[in-house]
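Trainee: For the sequence shown, the working numbering gives the first residue as 5, with consecutive numbering after it.
Cβ coordinates follow ideal geometry from the N, Cα and C atoms, glycine included.
Treat the numbers as computed from the prediction; the structure is a model and nothing was measured.
Handing you this structure, nothing more for now.
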Amino acid sequence: MEKIRFGIVGIGMMGRMHATSLQRNPHAEVVAVCARTESKVKAFQEEFSVPYGYTNVDELVNNPEVDAIVVATGADAHKAPCLAACKAKKHIFCEKPLAKTLEDCEEIEKAVAENGSKCFTVGFMRRFDPSYAEAKEKIRAGAIGKPILFKGVSLDPSSVLEAHLEGVKKGIYVPWFIEMGSHDTDLARWFLEGDPVDSFATGDAYVCTGLADYNDYDNGFSLTKFDNNTTAYIQVGRTATCSHVESEIVGTKGTLRVNSVPRKNYLSQFTENGFVEECQESFLARWGEAFQAEIDDFVDCVRTGRKPETTAHDGTMSLKFCLQLHQAYLDGKKK
5 MEKIRFGIVG IGMMGRMHAT SLQRNPHAEV VAVCARTESK VKAFQEEFSV
55 PYGYTNVDEL VNNPEVDAIV VATGADAHKA PCLAACKAKK HIFCEKPLAK
105 TLEDCEEIEK AVAENGSKCF TVGFMRRFDP SYAEAKEKIR AGAIGKPILF
155 KGVSLDPSSV LEAHLEGVKK GIYVPWFIEM GSHDTDLARW FLEGDPVDSF
205 ATGDAYVCTG LADYNDYDNG FSLTKFDNNT TAYIQVGRTA TCSHVESEIV
255 GTKGTLRVNS VPRKNYLSQF TENGFVEECQ ESFLARWGEA FQAEIDDFVD
305 CVRTGRKPET TAHDGTMSLK FCLQLHQAYL DGKKK
């Protein structure tokens, strides 16, 4: 079979990362790219040897030489390219979160259903991390009995705070329960196989106090009851010493833990400073293998006709959970 020909919408950090992943896949190639700034598009074309460059999404999706689309814009701009690509009958890989509002998510879901013969997925790459994928398989095999509690902790280093505040002021970033928490809300639904009912959340802008002016926070803590009598604890933060993501799934017969120590590698140092292990310095360092695996899986879905496990509805429900956590935080601040 010929290579799947991809167009990429959005050429920031995520667009570049996905372009690199697609270039590594022997069954895929990047043939088109779209962004707002023409000079950036041309520079991207030259760097990645991409023949077609656009500043208009409709022109990209209607190029007959494009089979599939990667939507890697900011979350506020996911809807338009998704709808355009559905109308043009293309396969679609959309970065998380699916959109910024439930109304936009539902509109995308409807368009995806009408484009039913084509593949669509949301980039919740943690599902494709080898450790998380193994944890899911062990749960399916009954290794820990019935899962009853998911604990997710997603922390960014404090070095991101200044730039993040500027992004919040410009409306680029959304509150952390929605931005970072979308991964954990997806994992909670995936591992617990239920949906949230009631949530309690608290936290504050403890370090970057300017975030409070935008109903945002640098640390958030939440507890949620699910409709199948399970529970999720989700913690997000931006004041850690390194990039740190860990998860725990507690079952009736055992417990699974993923990345409880954010090791950079397996080197341990015993020196006059004591016992030291270097930590992961960025999320790209931690999730590189998962990003590659999710793109490889999507390419395989397009090639074989297999439907991706992660659906548009998963994207909608993840955002619904995130918004519930954020609202619980706001409600808590009023009391």
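May I ask which residues mark the beginning and end of the alpha helix (DSSP H) holding F52?
Mentor: In the sequence shown, residue 52 corresponds to position 48, counting from 1. F52 -> alpha helix (DSSP H) spans 42 to 52.
Trainee: In three-state DSSP terms, what is I112?
Mentor: Residue 112 sits at position 108 when you count from the first residue of the sequence shown. Helix at I112.
Trainee: Secondary structure at T315, three-state DSSP: helix, strand or coil?
Mentor: By one-based count along the sequence shown, residue 315 stands at place 311. Coil at T315, not helix or strand.
Trainee: Tell me where the beta strand (DSSP E) around V65 begins and ends.
Mentor: By one-based count along the sequence shown, residue 65 stands at place 61. Taken as a continuous stretch (DSSP letters only), V65 belongs to no beta strand (DSSP E), being part of the alpha helix (DSSP H) at 61 to 65.
Trainee: Nearest CA to the CA of Y237: which residue from Y221, R267, A192?
Mentor: Numbered from 1 along the sequence shown, position 233 holds the residue referred to as residue 237. Selected option, being the one with the closest Cα: A192.
Trainee: So, does the region 176 to 195 touch the region 322 to 338, judging by three or more C-beta pairs under 8 Å?
Mentor: The region 176 to 195 is in contact with the region 322 to 338.
Trainee: Give the straight-line distance between the Cα atoms of L334 and G309, rounded to the nearest whole angstrom.
Mentor: Along the sequence shown, read from residue 1 onward, the residue named residue 334 stands at position 330. Along the sequence shown, read from residue 1 onward, the residue named residue 309 stands at position 305. Roughly 43 Å separates the two Cα atoms.
Trainee: If we count the other Cβ atoms within 10 Å of its Cβ and call it buried at 16 or more, is Y177 buried or exposed?
Mentor: Position 173 of the sequence shown, counted from the first residue, corresponds to residue 177. So Y177 counts as buried.
Trainee: Can you tell me which of P68, E110, T243 puts its alpha carbon nearest to the alpha carbon of P101?
Mentor: On the sequence shown, position 97 is the one that residue 101 refers to. P101 has its Cα closest to that of E110, out of P68, E110, T243.
Trainee: Please state the DSSP three-state secondary structure of T256.
Mentor: In the sequence shown, residue 256 corresponds to position 252, counting from 1. In the structure shown, T256 sits in coil (DSSP, three-state: anything other than H, G, I, E or B).
Trainee: Could you give the residue range of the alpha helix (DSSP H) that holds A216?
Mentor: Your numbering for residue 216 matches position 212 in the sequence shown. Unbroken run through A216: none, as it is neither H nor E.
Trainee: Under a three-way DSSP split, which group does F302 fall into?
Mentor: By 1-based counting over the sequence shown, the position of residue 302 is 298. The answer is helix: DSSP assigns F302 an H, G or I state.
Trainee: Just to confirm, are C212 and C246 a CB contact at a threshold of 8 Å?
Mentor: The residue labelled residue 212 in the question sits at position 208 within the sequence shown. The residue labelled residue 246 in the question sits at position 242 within the sequence shown. No.
Trainee: If I measure Cβ to Cβ from S135 and keep anything under 7 Å in the same chain, skipping five residues before and after, which residues do I get?
Mentor: Within the sequence shown, residue 135 is the residue found at index 131, counting from 1. Within the same chain, S135 has close Cβ partners V262, N263.
Trainee: For W291, which residues from the same chain have a beta carbon less than 7 Å from its beta carbon, with the 5 sequence-adjacent residues on both sides left out?
Mentor: Mapped onto the sequence shown, residue 291 falls at position 287. Closer than 7 Å at the Cβ level, and outside the excluded window around W291, lie M129, D133.
Trainee: Give me the Cβ distance between S296 and S53, rounded to the nearest whole Å; I'm assuming they're in contact under 8 Å.
Mentor: Here residue 296 is taken as the residue at index 292 of the sequence shown, counted from 1. Here residue 53 is taken as the residue at index 49 of the sequence shown, counted from 1. Per the sequence shown, the amino acid found at residue 296 is Gln instead of Ser. Q296 to S53, Cβ: 19 Å. No contact.
Trainee: Taking 8 Å as the threshold (C-beta atoms), are V74 and V13 in contact?
Mentor: Your numbering for residue 13 matches position 9 in the sequence shown. Your numbering for residue 74 matches position 70 in the sequence shown. Yes.
Trainee: Please determine if the region 104 to 120 and the region 194 to 203 are in contact, where contact requires at least 3 C-beta pairs separated by less than 8 Å.
Mentor: They do not touch, by the three-pair rule.
Trainee: From which residue to which residue does the beta strand (DSSP E) around C90 run?
Mentor: Here residue 90 refers to the residue found at position 86 when the sequence shown is read from its first residue. Unbroken run through C90 is the alpha helix (DSSP H), 83 to 91; no beta strand (DSSP E).
Trainee: Quick one: Cα of S251 to Cα of P68, how far?
Mentor: Numbered from its first residue, the sequence shown carries residue 251 at position 247. Numbered from its first residue, the sequence shown carries residue 68 at position 64. C-alpha separation (whole angstroms): 43 Å.
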